[in-house]
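Going by the numbering used here, the sequence shown opens with residue 127, and the numbers climb by one from there. Virtual Cβ for every residue (Gly too), placed ideally from N, Cα, C. Keep in mind the model is a prediction, meaning the values are calculated, not measured. For reference, the structure discussed in these notes is given below.
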Amino acid sequence: MSSRLNSVVSFFGHNKYWIVIIVGVLVVGVVDENSFLKRVRLESKIRELKEQIADYNGKYEENMARLRELETNPKAIEKIARERYFMKADDEDIFVLSDDKQIFAEEDEKTD
């Protein structure tokens, strides 16, 4: 038992700097609050958020262009009213065509 203890103490005595360095790297790299793994996750999150910011900026620019068009072109207001809200002039008829398939119940298809 004593020889084992002496060999362990001798090992730690000769390699104490390497052991401290390895334990320190493990603590900083994995366990610590500011660990390398957490930093990688945060960098990934930052990248995702920057992509979202770019998307929102693109949508903002597109909406601002539409708004400028609405402010300067009275025909644009009429176009939006016709397309989105199905408004029409007094002498017009509107037909709405849809590609959606309607599902009928079996009872509705049967005739008595």
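- In this structure, the CA atom of residue 177 is about 11 Å from the CA atom of residue 170.
- In the structure shown, residue 214 falls within a coil segment according to DSSP collapsed to helix, strand and coil.
- Counting along the chain, the unbroken alpha helix (DSSP H) around residue 146 starts and ends at 142-152.
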